[in-house]
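Undergrad: Would you mind keeping the following structure in view while I ask a few things?
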Amino acid sequence: MLSIKSGKLGIALITPQYDHANEIAKIANSKDIAENVGSIGEFPYPYTEKNALEMIDSAISAYSMGIGYNFEVIPKEVDSPVGMVGIRNVDMHAMSAEMGFWIGEKYRGRGYAKAALLMLIGFCFSKLELIRVYATALKSNSKSLALMESLGMKKEGILRDAAMTQAGPRDQVLLSILKEEFKPKLDLVFDE
């Protein structure tokens with residue numbers, strides 16, 4: 001199990017745990033999350049405990065192959081998962097990876113996503129020694145776009161009709177941050 005902790009930010013990121021599957025399913029069971037995370041089928045709605053267990057299996061497999069790292073977001077004051085952050089498409093030749101995240105609706109607006117994503121980007125640049133982290137968000141998802149820009153990510157362009165949603169194909173915005181652009185000084189502790 002891999003964990004990333006920061007006393008300064010009051011958040012722990014831990015590899016998804018099977019005994020948290022029920023909690024993850026409860027907070028992930030959101031039409032809003034399903035509509036804003038990837039394409040149809042990437043994030044189902046309704047989201048069941050079976051979906052959570054399959055996600056955990058997939059996360060453990062990706063971690064063991066070194067192609068993805070997914071984490072539960074656990075704030076100190078809540079002491080249970082409030083969402084997930086992760087990277088996929090880890091390319092050690094290009095030294096880059098794609099970042100993604102979701103936070104349960106009742107936990108939004110508390111700064112958990114920003115803190116967790118700062119930690120995740122810090123992990124990518126310090127532990128994995130990547131030089132670029134990128135992400136996409138639906139063009140209509142103004143809150144996610146604003147959050148990513150607040151992390152220092154820069155818009156690179158529009159991926160036209162890149163996400164197939166229930167409403168049909170939708171544009172995505174591509175953003176990235178380079179290692180030399182990442183300014184936060186974080187007190188990250190990595191445990192494996």
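The numbering of the sequence shown is this note's numbering, which starts it at 1 and goes up by one.
Heads up, the beta-carbon is just placed ideally off N, CA and C, and yes, glycines get one too.
From what residue to what residue does the beta strand (DSSP E) around E98 run?
TA: S96 to I103 is the extent of the beta strand (DSSP E) around E98.
Undergrad: Can you grab the Cα-Cα spacing for the pair K26 / T48, in whole Å?
TA: C-alpha separation (whole angstroms): 8 Å.
Undergrad: State the DSSP-derived secondary structure class of E180, mapped to helix, strand or coil.
TA: Helix, per DSSP.
Undergrad: From A135 to P75, what does the alpha carbon distance come to, in whole angstroms?
TA: When rounded, the distance between both Cα atoms is 23 Å.
Undergrad: Go through its chain and collect everything with a Cβ distance to V78's Cβ below 8 Å, but skip five positions before and after it.
TA: A distance below 8 Å between beta-carbons, with the five flanking residues on each side excluded, links V78 to the following residues of its chain, in chain order: Y107.
Undergrad: Which class does D57 belong to by DSSP, given the choice of helix, strand or coil?
TA: helix
Undergrad: Name, in chain order, the residues that DSSP records as bridge partners for N70.
TA: G86
Undergrad: Pop quiz: L186 and L118 are said to be a contact at Cβ under 8 Å. What is the actual Cβ separation, rounded to whole angstroms?
TA: With a contact defined as Cβ atoms closer than 8 Å, L186 and L118 qualify at about 7 Å.
Undergrad: Measure the alpha-carbon distance for P16 versus I24 and round it to whole angstroms.
TA: 9 Å
Undergrad: Relative to the alpha-carbon of Y69, which residue among I158, K139, L178 and S96 has its alpha-carbon at the smallest distance?
TA: S96
Undergrad: Please state whether DSSP places D79 in a helix, a strand or coil.
TA: coil
Undergrad: Label I158 either buried or exposed according to how many other C-beta atoms from any shown protein chain fall within 10 Å of its C-beta, with 16 as the threshold for buried.
TA: Around the beta carbon of I158, a 10 Å sphere encloses fewer than 16 other beta carbons of the protein chains shown; the residue is thus reported as exposed.
Undergrad: For the candidate residues M164, P46 and K183, whose alpha-carbon lies nearest to that of S150?
TA: K183
Undergrad: Restricting to Cα atoms, I'd like to know which of D57, S3, S39 and A28 is closest to P169.
TA: Of the listed residues, the one whose Cα sits closest to P169 is S39.
Undergrad: Start and end of the alpha helix (DSSP H) containing I24?
TA: A21 to A28
Undergrad: In or out: T92 buried (at least 16 other Cβ within 10 Å) or exposed?
TA: Before going further, note that residue 92 is Met rather than Thr in the sequence given. Under this definition M92 is an exposed residue.
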